[in-house]
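Numbering (this note's numbering), first residue to last: 418 to 599.
Note that CB positions come from ideal geometry on N, CA and C, so glycine has one too.
As structure tokens, then:
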């Protein structure tokens with residue numbers, strides 16, 4: 418039997434079922450046990466719908482309630498916005514490391530490679546420390562300790578990702594101010 422057809426109300430053009438008929442149909446549905454195949458199909462459809470909702474939320478179109486558990490909460494939303502409103506050194510670290518790797522194959526470039534490597538690491542550390550300081554100040558100003566939990570590490574990990582690859586998608590453009598309420 419098609420579950421979707423049973424759950425939708427009847428449209429105009431047909432008579433409304435009487436209470437007795439509706440109760441009988443509901444009882445019949447409850448009495449008949451589902452086969453393993455029907456149970457598996459129903460569970461597969463449920464999981465697929467949940468995945469679709471989650472994907473839509475990650476791409477910026479859905480509800481925050483549909484986000485994965487690691488991305489939920491007002492503290493994490495603030496952390497995302499603090500990271501997304503500015504460019505970070507860490508998001509350029511991967512391309513820089515690829516350049517350093519290529520240059521390391523040339524012995525004449527050893528000093529340049531060492532200098533680039535050192536500057537990249539120190540610039541990333543300084544940038545991350547600055548990010549942590551700003552984020553902790555904003556979190557302390559706006560949220561309780563329970564709402565702040567995990568937001569700093571979440572922000573550090575997000576800041577190391579290339580901006581186009583971040584999920585959930587950035588909600589703020591670079592340079593845009595933070596929202597008042599989360």
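heavy atom of the ligand NAP below 7 Å from residue i C-beta
i           : result
residue 526 : Among the components of this structure there are no ligands whatsoever, and the ligand NAP is therefore not found.
Cβ distance (whole Å) where residue i is taken to contact residue j below 8 Å
i           : j           : result
residue 585 : residue 518 : 30 Å between Cβ atoms; not a contact.
residue 490 : residue 597 : That pair is no contact at about 17 Å.
residue 551 : residue 499 : 6 Å
residue 481 : residue 548 : Going by Cβ atoms, the distance from residue 481 to residue 548 rounds to 22 Å, so no, they are not a contact pair.
residue 553 : residue 569 : 6 Å
Range covered by the alpha helix (DSSP H) that runs through residue i
i           : result
residue 492 : 491 to 501
residue 512 : 510 to 520
Test: residue i CB closer than 8 Å to a CB of chain C
i           : result
residue 466 : Absent from the structure: chain C. Only one protein chain is present.
Practice task
Please go through the stretch 429 to 455 and give each complete alpha helix (DSSP H) segment of 4 or more residues, from N-terminal end onward.
Solution key: 436 to 448
Problem - the stretch 558 to 573 contacting the stretch 481 to 497, beta-carbon criterion three pairs below 8 Å - result: yes
Handout entry: At least 3 beta-carbon pairs within less than 8 Å: the stretch 520 to 532 vs the stretch 458 to 468
Key = no
Problem - Contact between the stretch 466 to 480 and the stretch 536 to 545 (3+ Cβ pairs under 8 Å) - result: no
Exercise for the section: Run through the stretch 526 to 590 for me and flag every whole alpha helix (DSSP H) of 4 or more residues, listed as ranges in chain order. Expected result: 527 to 559, 562 to 565, 568 to 576
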